[in-house]
Amino acid sequence: MGRHVGIVGVGQTHHSRRRTDVSQAGLVREAVDRALADANLSMDDIDTIVVATGPVLFAAVNQPEKWVVDAIGAQLKPVVRVTSGGGAGFAGALAGYYQVAGGFADRTLVVAYDKLSEGALQYSISTLYDPFWGREFAVGIMGFSAAYWRARMDALGHTEKAAAMVAVKNRKNAMANPYAHVKKEVTVAEVLASKPLCWPIKLLDAPPISDGAAAIVLASEDVAAKSTTRPAWIHGIAYYCEADNAAERSMLLSEPLAIAARHVYRAAGITNPRRQFDVVEVQEPYTCFELSYYESLGLCPPGGAAELIASGATQIDGDIPVNPSGGALGANPIGAAGLIRLIEGATQVMGRNESHQIKDAKLALVQSGGGWANLRGCAVLGA
Amino acid sequence: MTTAGLNRVAVVASAQTELRPAWRNAQHIDLISSVVADVFKGTGLTLHDVDFVIDSGSDVLDGRSISNCGFLGALGAHHKEESRVEEDGLWAALYGVNKIRSGASSVGLIVAYSKPSESNVDAYWSSMVEPFYQRPVSFGQRAASGIQAQRYCAEHGTTLRALAELTASRWRAAVEHGTVAIDSVPSADTVLASPDAAVPLKEMMLARPVDGAVAVLLAREDIARRAARTPVWVTGMGTSLDAHSFAARTPGRLSSCEMAAKMAFRKAGWSADSADVAEVSAASVVGELMVLESLGLAGPGRGLAAATGGRTRVNASGGALPADPIMATGLVRLAHAARQLALPELYGLDRPTRAIAHGTGGVGMQNHCVFTLGI
Amino acid sequence: MHAAPDTYAIDLPALHSELAMPYTLTPGRAAGTFLAEIGKRRIIGSRFASGLTIAPAEDFSPTDGESDFEFVEVPATGVLTAFTQVGGDIIGLIRLDGCDNDFPHHIVEAEFGKLATGVRVEAVWAEGVENSILAITGFRPAPGTPIGKARPAGDTAAPVTVILYTMKLHYEHAYGPYYARLFDEIRTNRRIMGVRTSDGDTALLPPREIDDITHRRTGTWKACKDTGTIRACSIINMEFLGQTRPPPYVYAEIVLDGASTRLIHMITIDSVEAAKTRIKPGTRVRAIWRKGEREGSLRDIERFEVIDG
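If you're matching them up, the sequences are chains P, B and C in order. Using the working numbering, the first residue of the first sequence is number 4, and each one after it goes up by one. Using the working numbering, the first residue of the second sequence is number 897, and each one after it goes up by one. Using the working numbering, the first residue of the third sequence is number 216, and each one after it goes up by one.
Next up, the structure:
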């Protein structure tokens, strides 16, 4: 297996509902400056750059890395755009990982962002649908996310109440996250009583719309020490897909995620995820997805998610804390969200998480995904 | 950089649709699935052997967001690793090579496609420039190409007729080797008689957008030796992105192309003058000359001589002028360059061993990617 | 080589599609300040700590990304450094006096054949245009205009924080042989045709040449019923831009009888509460076809409704 790759520096913006003080490019610059400073590096030290964002229609700039390059001072460096809907940030990190693992670079900067306040979010996501087949009935991400939850609700017991517990947990955790912008504790009753948007998704099951950027520096083993004595090593990372309208696509389990987990667990030597991981970060973004990921990632058996959340095990003080950062419910700049989860997982195993450091965290599981809930990946990070 | 122990990677096979001004009777998925089905022929490999798919396409050209998401079945990606590189397909190949080199995967499928006939190509380009200063004044691909040509011709005294002759020769080559739909091969006079596009460039001196798809199969060494009659090794890769502001780039040069070439040649351990074959992309005929010069195939202003009569056979496929499947053009170049090394007799080449494949993207060719290949 | 769909019976014109999205773009401090001042006929540039002076103003140096700058006011005169003509419109690169950079703009009141690089130019101001680089119509040749200087901008207006923008993209999507047959059958026979999977009897909808899972050729055509079963659904209770019908209604992914993949459509409802229990995965539904002439699209099905009992 190629070269070991570690995350040696991280940075993210203080996400918010709307940043009218910076352009899209300026927002990216903030995260890059923070990540470089954190890695004790300057742009001169960076060999290659991956820029990841959501779809073009979010922000009206086609292939925006060609604009952003000026703002981050990366002129004449190798820069590439990777995009994968909601999983763009994670897919970008994966591309960066292989640039280092494959010997193309020693240090790769991965930056991801979305400035969602600038576009019409659900409308633009509806263009994901085939123009011949269903686009006019599309309801952004929310329509199908809620529909797939509805399919799991009766079969797997992913009840509104179980999902509400996810909202309560993540929103409480976000209170301590300096980068989150939704900071309000809620109760199960409040979630259940909140306005239905696409039922069963209700207002408090849904993430905010955010402006934000995130960046990481990946480094090979040879050069990691210049940045930190304690990188977050990537023990495994994968991102799988399933055809959007394949026959018998499972509504109950995320098969691409289960495949990715199997692959990554094998690479990282994980045989009992529930016991081995110290902390988990998942890109919900709706509460219902977190329940589903518990099962697809093997943290509990199929149908066990409601019991897992109810048991308290995924709380900060539980045996398998999930989203101590508050997850996407605290901030959701979509294209960056997967990279933010990686950052939160990385800082946990680096021992310097700013929201809720899990004591002695040595092994973190990070999940991300996008598209039509059909692009899914995960990574294992270790101290 | 420690790179010992990394896998060697080869181009095993490629498949390409005919490149047509419009595939009116086919959808994206039809073009994509046909090249994915065809690329395995004669290799002994099947889709089951493929570990991952990396694809290139454009949401703006396709008219749908996260368009890869709707094409996964056609891409052969179901339940495999898949990533979308929203650059020319040569960057997708670069990703794939890294993935195999790392040892994580053995066989990768690289796919790029384009159906510009369904959309407005000028909108594709204009949506690429920043929206506050450049987009409102209609600065886009045509203006950038025109300014490059103005400067080039003024500096080097290149005549329009010489540019027209080179253009016509590229169309002739495309008929012979490019799998390009061409009704009649234009003469230099026809090129000169085409409307002004971006003065001094005539319409036919710009790369012609076409529909099509291409697939390239990459594999690690042991598999490539079994699957390919002649594995074509990827010996070097380089990319570079210039400043967004066209006006901020060094006039008369393609600095990012020079950087990309330097990076690739450093890894390959050879330079342009020992290349037997070069397949290059360009936005215009002048762009092609500038690319040849930036790659080191010719000195400044000497691109014309290298384009048709140098030691290196340039664009035997015709290159991007007769057929530019935007987002796939560079990957088509890789397929053609590899083919010329593997099957030189088809091209009248005498035992070529080294090739250059080149892709570009962005307004005014802001971005460049260079592969060196060897057998 | 792609060969399969060369012969087919039905040739439909392309499907026209338009994506027209509204945006509220933020230019950032430098461009926002430039745009705030340009309506007052003041051109604001950036002078970076390195000494580099550029206009229009940018937050970051276009050559190296430097971000430490102060605003300068630059004259509306300069030189033409390059030019071309695209569709009758002359586009030039302008270097304003006192600046180290060029930028593109229209060249007006000029004959293309008489232009030369190095010619002095001056801005032609538009009437009543604010918050846009088009407050300058373009630059015109102005031989002999004195060479101005960049000077500190002094007080500047608050940056413009939001620029309204619309991106409109037009498409003519090809039907291809499979969609052509599908929609032609819907239009002429009110029949929803799929193709069999490569290894079974159920139909893929929409039909396609290659099976998504096996990547083998799909089988023969098969008519699906216009009744089916809901696989997934949600109750849409919110309004959003681009919505084609008023809420509440049900978004449904339906597997028609005889098919194995999902058709996306909607179900009208009277009550959200009743719909929660009445409409769910497993619920049987039927298509309600639109009255009158059909157009050959999914809109020919007005909606689906629950089959009682």
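Ideal Cβ positions, reconstructed from N, Cα and C, are used throughout, including at glycine.
DSSP places P/W152 inside the alpha helix (DSSP H), whose first and last residues are G143 to L159. Scanning its chain for C-beta atoms nearer than 7 Å, with the 5 sequence neighbours on each side dropped, one finds around P/S197 the residues K205, L206 and L207, in chain order. Annotation: B/A1120 to B/A906 spans about 6 Å, alpha carbon to alpha carbon.
Contact note: B/S1023 reaches chain C through M382 and L384, using a C-beta cutoff of 9 Å and chain order. Under the three-state reduction of DSSP output, C/I378 falls in the strand class. If you draw a 10 Å sphere on the C-beta of C/I351, you find 16 or more other C-beta atoms in it, and that means buried. Burial is judged here by how many other beta carbons sit within 10 angstroms of a residue's own beta carbon; B/L1059 has at least 16 and is buried. In this structure, the beta-carbon distance from C/T268 to C/D226 does not fall below 8 Å. If you check each beta-carbon in the region 300-315 of chain C against every beta-carbon of chain B, the ones closer than 7 Å belong to Q300, V301, D304, I306 and L308.
When C-beta atoms of the region 914-932 of chain B are compared with those of the region 1127-1134 of chain B, fewer than three pairs fall below 8 Å, so the two segments do not count as touching. Looking at the DSSP output, B/N1263 shares a beta bridge with B/L1137 and B/G1257. Of all residues in the region 105-126 of chain P, the ones placed with a Cβ closer than 9 Å to any Cβ belonging to chain B are G105, G106, F107, A108 and D109, in chain order. With a 10 Å radius around the Cβ and a threshold of 16 neighbouring Cβ atoms, P/L311 comes out buried. Counting along the chain, no alpha helix (DSSP H) covers B/V1173; the unbroken beta strand (DSSP E) around it starts and ends at V1173 to E1175.
Under DSSP, B/R1116 takes part in a beta bridge, and its partners are B/V905.
The three-state secondary structure of P/L256, taken from DSSP, is coil. Not a single CB atom of chain P sits nearer than 8 Å to the CB of B/H1254. Looking at the backbone, the Cα of P/P304 and that of P/G321 are separated by about 18 Å. In the structure shown, C/F275 falls within a coil segment according to DSSP collapsed to helix, strand and coil.
Around the C-beta of C/L379, fewer than 16 other C-beta atoms lie within 10 Å, and the residue is accordingly described as exposed. P/Y126 is not bridged by DSSP to any residue. Closer than 8 Å to the CB of P/S129 there is at least one CB belonging to chain C. For P/F93, the enclosing alpha helix (DSSP H) stretches over residues A91 to A104. Counting C-beta pairs with one atom in each stretch, the region 968-975 of chain B and the region 1087-1099 of chain B have fewer than three that are closer than 8 Å, which means they do not touch. Within chain C, T241, T376 and V377 have C-beta atoms less than 8 Å from the C-beta of P/T23, given in sequence order. In the structure shown, C/G243 falls within a helical segment according to DSSP collapsed to helix, strand and coil. Ranked by Cα distance from P/V31, the options P/A313, P/G306 and P/A216 are led by P/A216. Not one beta carbon of chain B lies nearer than 8 Å to the beta carbon of C/S282. When C-beta atoms of the region 137-150 of chain P are compared with those of the region 67-74 of chain P, fewer than three pairs fall below 8 Å, so the two segments do not count as touching. Taking C-alpha positions only, C/R396 is separated from C/R402 by approximately 10 Å. The C-beta of P/M46 comes closer than 8 Å to at least one C-beta of chain C. Contact residues of the region 1004-1034 of chain B toward chain C are E1014, S1015, N1016, A1019, S1023, P1027, F1028, Y1029, Q1030, P1032, V1033 and S1034 (C-beta to C-beta distance below 7 Å).
Judged by DSSP secondary structure, B/H1052 falls within the alpha helix (DSSP H) whose first and last residues are Q1037 to H1052.
Using a Cβ-Cβ distance cut-off of 8 Å, the region 919-927 of chain B and the region 1010-1020 of chain B are in contact, since at least three pairs of beta carbons, one from each stretch, lie closer than that value.
Taken in chain order, the complete alpha helix (DSSP H) segments of 4 or more residues contained in the region 63-88 of chain P are 68-74.
With three or more CB-CB distances shorter than 8 Å, the region 337-345 of chain P counts as touching the region 217-229 of chain P.
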